[in-house]
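Here the sequence shown stands for residues 176 to 1427, numbered as in the numbering used here.
Read the structure below first, then the notes.
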Amino acid sequence: MSSFRPGRGSGSVVAAGVLLAASSLLAQQDRIASPVDISRSVVLKGNRNPRAQAQYDRGPVDPSLELAYVTLLLKPSPEQQSALEQLLAEQQTPSSPNYHKWLTPEQYAGRFGLSRGDVARVVSWLESAGLKVNDVARGRHWMTFTGTAARVGSALRTGFHRYVVEGEMRYANATEPSVPAALADVVAGVRGLDNFRERSSAVSMPADMPAYTSGSTHYMAPDDFATIYRVNTLYQAGIDGAGQKIAILGQTDINVADVRSFRSRYNLPPNDPQVFLFGRDPGASSSDQVEAYLDLEWAGAVARNATIIYVNSTDVGTSAQYAVDQDLAQVMSFSYTGCEQENTPSFRSVAQQAAALGITWMASSGDSGANSCDRHGAVQSTKGLAAGFPASIPEVTAVGGTMFDDAGGSYWGSNGPNLSSALSYIPEKAWNETNAALTGLASTGGGVSVFFAKPAWQTGPGVPHDNARDVPDVSLSAAIHDGYLTFHDGANYVNGGTSASAPAFAGIVALLNQYLASNGALAQPGLGNINPALYRLAQNTTDVFHDVTAGDNLNPCAQAAPNCVNGQSGYAAGPNYDLATGLGSIDAYNLVTEWSAQTGSPTATRMSTDVSSVDLNGSVRLLAAVGAPAGGTPTGTVTFTVGNNDSSLGSAALVLGVAALTVPATTLPLGTDTLWAVYSGDGSFNGSAASATVNVTLPPVGSVVIASIAPNPVYQSPADALGFSWFYTITLREVAGVATTLTGFSINGASQTLSNFFSTTDIPAKGTVSVGLRSSGLNAPMTRVFGFTGTDATGISWSRQVTVSFGGPGVVTPRMLLTSPAGAVEQNPNADPACQWSQPVYVQETGGFTVQLTKFTAGANSLSDQIQQTFGATRLAPFGMLAGTVCWGGIPVPPPASSYSITGVPDGSGTVTASLSTKFAAAAATTSKSSVTPAVVTLTAGTLSDNPTANVALAFDAGSPQWTVTVVPGGRTNSWLTVSQASGSGSATLVLKASSTGLSNGVYNATLAIQAAGAVPQYLNVTVAFVVGAVSTMSIGGASNVFSGGSGAAPGMLMAVYGAQLANTTQLAAAIPLPLSMGAVSATVNGVSAPLYYVSPGQLNIQIPYETGAGTAVLGVNNNGKLALFTFSVAAAAPGLWPNFIDLAGAVTATAKQGDTLVTFMTGEGDVTPPLTDGATPAAGTSVNNLPQARLPVAVTVGGVPATVLFAGIPRGNVGVTQINFTVPTNAPAGDQPVVVTVGGTSSAPVTLTVR
C-alpha cells in the first residue's frame, strides 16, 4: 500500500506549478478591481444546507469548534466559462482539432482559473480573518482553509448552530454566508460549512457462504460478472486494466487487509489500493466502509490489474475535488447520491475540470428510484420526483441499476472455479426491490434534473423532450437478489444498489482506455466525458447495449404526494432510452471493440442570422445548415445557445439539412452576443457546431419592457393556509427610458383581469413593476405561458411572452397547519359543565413528513397529555390530517381571546409547530337547533371524466343563523371538491361537486366543517368520500377486529375487511415489514396506505395505519385498478381479545387456577410508545423494557376482579398485536368467567376463561 498526504507544496500560492508556454499567452487579467473592504459585503445565496432547518436547531456550536478544510469555490469570468464549455464540446467532437486534447491542471489554471494576483488577494483576506489557508488548487478554482467556528463565522458573516436531523447531531451555518463585495465576481460559493454528508447508495447484507447458487439467489463473484457482461473475452485478449488508474472517492478510513482477503478469495492477482488522505482524517465509519470496500473491491475485480487509488477525506465531495485537481486517475467513481434540490449546481465546476483534463467520472444514479429526496429507509415516497446528485451533472456518467430476469432460464450452474456459476448473459429488467423486504425504497435512480438543461449530445430514440438533463445514462446489475460479493470486517457480504454498478462500470471504462491506448487510438490517456460517445454509439450500433425494456423504478407513494399516480411514483423501462435504465446495460467486449463506431461520418455546420443587429423590440431568425462532406443528409436536431451551452434558446429539427428558429431579442443580452448552433449527430453522422454574432441594441424610439418571472422553474412549496403551493414573482422592467402602460395580461392565452394581479399598470421610464403570485392545484410538472401587452408614452404598442416551468417540490420542508372554522366559539349553557365551549380543531401536515405530535397547548393550559384523547392518534401522516375537539368548561363568563399551539417531531428529528388564534363569546340570546343530512356523502366516478354531485341539507328549526362551510384539509389535497356556497343564512341545500380531473384511480376523502353562530350545535361535520374507478362488481360489505369480530376500530389495529372481488388471488404476506401491495391489491385509510397481512377475493386483513385519527374513517381498496370504499368509526382504542389463552408451558388452554399466569393477545390498543412504523415489528435485540406499549393504560379483569398485568407490549414478530401476560386473581370466582381488557377506559368484548 502506498499512502500520500498532500501538503501546501505544489498546491500553494507560492508554488502553483509551471505553466506551459502556450498557456501564458492566455494569462488572465486581475478581476478584483477595488480594495477588499470587509465592511461592505454581498450574500452568497444557495450556500446554506437546506437540511439545517429551524425546527432542527439546537442552538449555537462551541465557538472553538474547528472547521477544517472548508472549500472556497472560485468562479471564472463569463468569458472564461463560455470558452470552457466550448472547449468541452470540441473535446468530444471527432471533427474538431481539439478532439481528445486534454489539459493539465496548470493549463486549466492558465485558461480558466483565477489570476495569481486575485488568488493572492483572496488568500490575504482569509488570513487577515485569522484563518489558515491549507491549499490552493492547481487549477486555481478553489482553495481550502481552516479556522474555528467563531473566526469562520466572523469572516463569512454567519453563525454556526447544531441541528438534530434523522437522529444525528450535525452542525451548519445558520444563515447564508457573505464575502466582501470586492470578491463577489470571483467567489462562487463555499463548501464544508456543515457536516451533513451524502448517503451511500450501497445495499448490504451478510452472505451465506459458500451457497452462492442456492435456491433462486445467485450471488455474483467477479468471474460471474465477467461472464454475464462479456468481460472475460477482453481478459483473454490481455485487456485487464494494466497501466490504468481508477480513483475511488470515499469519506472513511479502510483496512487494506480486507481488500487483500477479497482478492485472494476470488483468485484475483495481488493489487493493494493506494490511499490518499486529503485534509483531516475522517476516522472509520461502518456505513461508509460498506461503500468503500464495495467500490474498491469491484472496480479492481473488473479492471484486475489497474491501479486503484482510494481518495479519502471528511467529505466525499472534497475527495472528488482533490482527485480531479491532482489529476490522480483518468477514471473516477463516486457512489454517493444526494437529493439534487439539496445541493448546489456550482459543484459542476469540479466535473467540468475533470472533463477538460480527460477524466471520466462515474456516479451512482441512486437507490430510491425517481424519488431521491425521500429519506433513507422510507417505505413510500412522499417528496415527489427528484433526480440524484452529482449523477445529474452533464459531465458525469450516471450509472443506474438492473436486475436479472432469469426466471425460467438456465443461466446458472454449480459453483465452478473462483466460486463462479454464471453460464452466459442473463436478460435484465430495471432494478426494483422496494417490495422485496429490503429496508425502504430500493430501485434504480432515474429522473429529470431541475438544475441542468438538456445537453446537446443527449438525443436519440426514447430521450424525453423535456429540455432537461435526464438520468441515468447506462445501467448494470444492482439487485441484492443476485448481489455482488464483498469482504470486510473479516466476513463475507453481498451488496447491491447503484453503488455496485457505478464502480463496476468504472472498471469497464478503464479496460476501454487500455484497449484504445494499446491500439494507438488515444493520443493522450483518458476519454473525458464519455456521454456524447455513448449516445452516438446507441444510435450507430446494435450490439453494444442490452436494451432493457422490462421493469420500472416505480415506488409506492402517499396518495397526496407530488407526482403520485395510481399509488406509484417513477418511470417504466421501455425500448431505447428510458428514465429507469438509460441506454441499457452493456456488452463490455462490444463496447470496447466497437468504440470507434461512435465516430460516424464528419459533418460541418454553418450558422447565420437574418440580421447582424437588432433592437430589443425585434426578433432574430437563427439558421443552421448541416452538411456532410462525404455525402448524405444529416438528420436530427440543432440546439441554439447563447454564451454557453446551458443558456439554451431552443432547438429545431433539421429539414433537408437546415434548422431554423426565431427568438425574441429580449432573450438576448444587450451588446454583441455570440450565438451557437450545436448539431449532436445521428446514427450515421457526427456532431458539429458553429457560431455567429449579433449586436443587440436599444430601439431608437419607444419603450422596451423586459418581462421575467423568478424563479423559473417554479418548484412546489409547502401549502400556505389557503392551499397555495407555487410562489413566484413577475417583474416588468423598462430599459429604454420611455414610460409605458400595461394593458393586458394572459395565462396560457386566457385573458386575466389586470386589477386582480397588479396594483398599478404604470411602468416608469427605466423603472420596474413587480407582483408576487401564487398558484394551487397545478398538475406539475407543466409549463405555462404568461403574456403581457402594453402601450408606451409614444403610442407604440408592445407584447411579451414568458414561458415558465412549474415543477414538483424543490427543497422540501415539514410544515403543519392548525385550523378551525371561522367565528367565535359560543357558550352552550345546556352542555356538560366541563365542555360548555366546544371547539373543533384540525391539524394538517403539508410538506410530506410523518410527524409525531409531542406538545399541545390551549392558552396557558397544557393539553400535551391529552393529544391521543383529543385526536384519537398522536401521529400525522405525510399530507394527513387529524380532527379533534377541545373543551373549555367551568368558566362562568366567556374566556378571553386565546390561542392553540401544537408541536411535533417530523421524520424523527427536529420540531415543527403550528398555531391558531381563537375567540370566545357568551351564549346567543336565542338559539336554533341545527342538523345536517346526510352525515356521510359518497361520490362515485367510474371514469376520470366523471364529475358527480350530491346534495347536503343544512337545517335550522328556527331563525336564520349565519353559517360558513370550509373544506378540510385545505390545499391541493382536496382541490377536487367544491361546494356551491361557502356561507349563507338559514336552512340551505349545499351542492357538492367532485372533479376527477388530474386524479388517479383511488379513494379520496374530505370533511365539510360547518359553523353556524347562534345554533346548537354550533359545529357540524360531514364526511365526504370520493371513489374514482369504482366498479359495480366490487364491493365491501363490512369490517371488524380480526380477533373479536367487533366493529370498533383503532389506530394500529388489525382489521378484517369482507366483500366481493377484493382480490384476484389469495396471498399471505411473506415477511415483515408488511407490504403495502400484494397481488396488485392495495388499501388506504383516509388516504394513508394500509399494510396488508392477507388478501383474497372475499377477505382482506389489513393494519389500520397508526396515523388514523378518531371519527369517521374512509377505507379504500384498489384491486388492479378497480376501486371500492367503506366507511367505519375509529376511536383512540378499541381492544379486541384473541379467543384463547396460553399457559406457561406454551399450551393453548381455556382453563386456569387462581394464581396461574396466562398469556393472551389483543389488537386495537391504539397508538404505542415508542412508536412503530406502520406494518413494522420491533427491531431485533429490543429489550423487554423498550418494547412498544399502548400509550393508554391497560387493565385486565377476570370475573370482574382486577388481575395483575405482568407485561403488555408488542414483542418482535408481531405487527399490531399486543401480548398480555397476567395473573389470574387469587379471589377470582370459580367457573366460567369473563376476561375483559380495558385500554384507556374502553373495554373489550369478554373471552370466557374457566377458573378452577
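Each residue gets a CB set at the ideal place from its N, CA and C atoms; glycine is no exception.
Since we're looking at a predicted model, the values are computed, not measured.
Outcome for residue i when other beta-carbon atoms lying within 10 angstroms are tallied against a minimum of 16
i, result
"Lys629", "buried"
"Met1228", "buried"
"Gly1406", "exposed"
"Pro385", "With a pLDDT of 34 at Pro385, under the threshold of 50, the modelled position of that residue is not reliable, and no figure is offered here."
"Gln411", "exposed"
"Leu843", "buried"
"Glu254", "exposed"
"Ala698", "exposed"
"Asp433", "buried"
"Glu241", "exposed"
"Arg1457", "Outside the displayed range of the chain (176 to 1427) lies residue 1457, so it cannot be described from this structure."
"Asp785", "exposed"
"Pro1368", "exposed"
"Asn1176", "buried"
"Met344", "exposed"
"Asn546", "buried"
Cβ shell of residue i (< 7 angstroms), same chain only, five flanking positions each side left out
i, result
"Val308", "Val298, Leu301, Glu302, Met318, Phe320"
"Ser1419", "Ser1219, Pro1310, Gly1311, Leu1312, Met1337, Val1411, Val1412"
"Ala867", "Met782, Ser783, Thr784, Leu850"
"Gly1350", "Pro1248, Leu1249, Pro1266, Gln1278, Val1390"
Best match in the options for proximity to residue i [C-alpha to C-alpha]
i, options, result
"Ser934", "Val1140, Leu948, Gly492, Ala1188", "Leu948"
"Thr837", "Leu798, Ala867, Leu873, Thr994", "Leu798"
"Ser539", "Val880, Tyr485, Ala561, Gly621", "Gly621"
"Ser214", "Asp232, Ser353, Val294", "Ser353"
"Pro602", "Ala997, Leu651, Gln527", "Leu651"
"Asp490", "Leu424, Asp549, Asp447", "Leu424"
"Gly658", "Glu608, Ser624, Ala643", "Glu608"
"Tyr586", "Asn792, Tyr394, Phe963", "Tyr394"
"Thr1417", "Arg1427, Phe1382, Phe1046, Gly1339", "Gly1339"
"Val1026", "Leu831, Gln256, Glu1282, Asn923", "Glu1282"
"Arg908", "Val327, Gln927, Phe902, Val946", "Val946"
"Ala1225", "Ala1048, Ile207, Thr849, Thr724", "Ala1048"
"Val361", "Gln419, Gln256, His663, Ala1320", "Gln256"
"Gly576", "Ala696, Gly672, Gly559", "Gly672"
"Thr904", "Ala495, Gly1254, Ser883, Val1111", "Ser883"
Same chain only: Cβ atoms within 6 angstroms of residue i, ignoring 5 sequence neighbours per side
i, result
"Leu917", "Thr936, Gly965"
"Leu1290", "Val1260, Phe1301"
"Gly513", "Glu373, Phe564"
"Ala1370", "Thr1413"
"Gln1186", "Pro996, Gly998, Thr1139, Tyr1194"
Start and end residues, beta strand (DSSP E) containing residue i
i, result
"Ile1077", "1073 to 1081"
"Ser863", "863 to 872"
"Leu948", "943 to 950"
First through last residue of the alpha helix (DSSP H) which encompasses residue i
i, result
"Ser921", "Counting along the chain, Ser921 falls outside any alpha helix (DSSP H), though it belongs to the beta strand (DSSP E) covering 915 to 922."
"Arg523", "523 to 531"
"Ile683", "673 to 693"
"Val434", "431 to 440"
"Asp399", "397 to 403"
Residue i vs residue j beta-carbon contact at 7 angstroms
i, j, result
"Val1000", "Phe1131", "no"
"Arg550", "Asp1007", "no"
"Ser488", "Phe522", "no"
"Gly1117", "Ala1181", "no"
"Tyr1268", "Val1143", "no"
"Thr872", "Ala997", "no"
"Gln1236", "Gly1254", "no"
Residue i beta carbon near the ligand SAH (any heavy atom closer than 6 angstroms)
i, result
"Ser823", "Inclusion of the ligand SAH in the displayed structure is not the case, the ligand content being empty and no account of it being possible."
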